[in-house]
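Trainee: Okay, here's the structure, questions in a sec.
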Amino acid sequence: MKTARLILGYLRHNLMSAMAYRGAFVMQVIGMMLNNAMLLFFWWVLFNRLPNLRGWDMAKVMTLYGVVTVGYGAANIVCGNMFRVARVIASGDLDYYLALPADPLVHLLVSRMSLSAWGDLFFGLVVFLLAAPAQWANLPLFLLLGLIAGLVLVAFSVLVGSLAFWVGNADNLATQAVNALITFSIYPVEIFPGAVRLLLYTLIPAAFFGSIPAALLSDFSWERLAILVAFTAGITL
């Protein structure tokens, strides 16, 4: 309960701070939505020439983008400091969080909010509803899978950021690892060769951030959902 109050308190505080400069906030949100739309535009061009790619069509790729951007947006709204874990550890700023009575990791993660992440969140919702206008009943499942994807991103970011405890300034390494996860997640995992696909299920678990949740929306399986939940619980705990 104490942790929940801390998270909600920071959400409220960070959002109120953003609303103090509404124009800048709105511009960041719109800018991020346009950026995501441009990335999706290249897929639209591709599928005009090649209607199907290893079982993926435009609607499925839009769903993939929806899951990834909702997960990314939700994670960065709540845990906006997750990409700075290595920097905070290396600079010694972690002492500030350790000195306070709240859970230091949770406090570190939620003490910042990415304003542009609201653009990712809104974009993901819009894209999913456009990709599957006849499947609005799947919206609760879509939101659940987006939140699970967000947990995978937060957990992986903390994991690679924590390398700073052993290798010193691991900020660049952590940044590269997280960027690799995000970059690979917006591509269907089936398009990659076997060795790369194995990597995306293990060391850089982009499949659990993108393709697996997205595939569950078009071909639901309790077994695959259980695998996704088990992996997420494992990497989070």
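Residue numbers for the sequence shown, in the working numbering: 838 to 1074. Where a beta carbon is used, it is the ideal one built from N, C-alpha and C, also for glycine.
1) Tell me which residue opens and which closes the alpha helix (DSSP H) that residue 998 is part of.
2) Distance, Cα to Cα, residue 943 vs residue 886?
3) Does DSSP put residue 890 in a helix, in a strand, or in coil?
4) Relative to the C-alpha of residue 965, which candidate in 1054, 1005, 871 and 1074 has its C-alpha closest?
5) Over the uninterrupted alpha helix (DSSP H) stretch that includes residue 1006, give me the two end residues.
6) Alpha helix (DSSP H) containing residue 851: first to last residue?
7) How far does the alpha helix (DSSP H) with residue 933 in it reach, from first residue to last?
8) Should residue 901 and residue 1049 be called a contact, given that it needs their Cβ atoms to be closer than 8 Å?
9) With H, G and I counted as helix, E and B as strand and the rest as coil, what does DSSP make of residue 1038?
10) Grouping DSSP H, G and I as helix and E and B as strand, with all else coil, what is residue 868?
11) Thinking C-alpha only, which one of 989, 972 and 853 is nearest residue 1041?
12) Pick helix, strand or coil for residue 949, following the three-state DSSP scheme.
13) Does residue 1057 pass the burial test, meaning 16 or more other C-beta atoms within 10 Å, or should it be called exposed?
14) Where does residue 970 fall in DSSP's three states?
15) So what's residue 1047 in DSSP terms, helix, strand or just coil?
16) Rounded to whole angstroms, what's the CA-CA distance from residue 922 to residue 868? Just pull it up for me.
17) How far does the alpha helix (DSSP H) with residue 899 in it reach, from first residue to last?
18) What number of angstroms, rounded off, separates the C-alpha of residue 991 from the C-alpha of residue 888?
19) Can you tell me where the alpha helix (DSSP H) holding residue 928 begins and where it ends?
20) Can you list, in chain order, the residues of its chain whose CB lies under 6 Å from that of residue 1051, leaving out five sequence neighbours each side?
21) By a C-beta neighbour count over all protein chains shown, 10 Å radius and 16 as the cutoff for buried, is residue 1065 buried or exposed?
Mentor: On the basis of the data shown:
1) Working through the sequence shown from its first residue, we reach residue 998 at position 161. DSSP places residue 998 inside the alpha helix (DSSP H), whose first and last residues are 976-998.
2) Here residue 943 is taken as the residue at index 106 of the sequence shown, counted from 1. Here residue 886 is taken as the residue at index 49 of the sequence shown, counted from 1. For residue 943 and residue 886, the distance between alpha carbons rounds to 47 Å.
3) The sequence position of residue 890 within the sequence shown is 53, counting from 1. For residue 890, the secondary structure class from DSSP, reduced to helix, strand or coil, is strand.
4) Within the sequence shown, numbered from 1, the residue matching residue 965 stands at position 128. Among 1054, 1005, 871 and 1074, the Cα nearest to that of residue 965 belongs to 1054.
5) The count along the sequence shown starts at 1 and reaches residue 1006 at position 169. Taken as a continuous stretch (DSSP letters only), residue 1006 belongs to no alpha helix (DSSP H), as it is neither H nor E.
6) As a working mapping, residue 851 is identified with position 14 in the sequence shown. In the DSSP annotation of this structure, the continuous segment of the alpha helix (DSSP H) that includes residue 851 starts and ends at 839-856.
7) Within the sequence shown, numbered from 1, the residue matching residue 933 stands at position 96. Residues 931-935.
8) Walking along the sequence shown from the start, residue 901 turns up at place 64. Walking along the sequence shown from the start, residue 1049 turns up at place 212. At least 8 Å separates the beta-carbon of residue 901 from that of residue 1049.
9) Mapped onto the sequence shown, residue 1038 falls at position 201. In the three-state reduction of the DSSP assignment, residue 1038 falls in the helix class, which pools H, G and I.
10) By one-based count along the sequence shown, residue 868 stands at place 31. The answer is helix: DSSP assigns residue 868 an H, G or I state.
11) Residue 1041 sits at position 204 when you count from the first residue of the sequence shown. Comparing C-alpha distances from residue 1041 to each of 989, 972 and 853 shows the shortest one belongs to 989.
12) Here residue 949 refers to the residue found at position 112 when the sequence shown is read from its first residue. Correct three-state label for residue 949: coil.
13) For the purposes of this step, residue 1057 is identified with residue 220 of the sequence shown, where counting begins at 1. Under this definition residue 1057 is an exposed residue.
14) As a first step, residue 970 is located in the sequence shown; it is residue number 133 there, counting from the start. Reduced to three states, the DSSP call for residue 970 is coil.
15) Translated into positions along the sequence shown, residue 1047 becomes position 210. Look at residue 1047 here: in three-state DSSP terms it is coil, with no helix or strand label.
16) As a first step, residue 922 must be located in the sequence shown, where it is residue number 85. As a first step, residue 868 must be located in the sequence shown, where it is residue number 31. Whole-angstrom Cα-Cα distance: 26 Å.
17) As a first step, residue 899 must be located in the sequence shown, where it is residue number 62. Looking at the DSSP string, the run of the alpha helix (DSSP H) that includes residue 899 is 895-915.
18) Counted from its first residue, the sequence shown places residue 991 at position 154. Counted from its first residue, the sequence shown places residue 888 at position 51. Put simply, the backbone Cα of residue 991 is about 34 Å away from that of residue 888.
19) Residue 928 sits at position 91 when you count from the first residue of the sequence shown. Where residue 928 is concerned, the enclosing alpha helix (DSSP H) stretches over 922-928.
20) Sequence index remark: in the sequence shown, residue 1051 carries index 214 (1-based). 900, 901 and 904, listed in sequence order.
21) Along the sequence shown, read from residue 1 onward, the residue named residue 1065 stands at position 228. Answer is buried; the Cβ neighbour count reaches 16.
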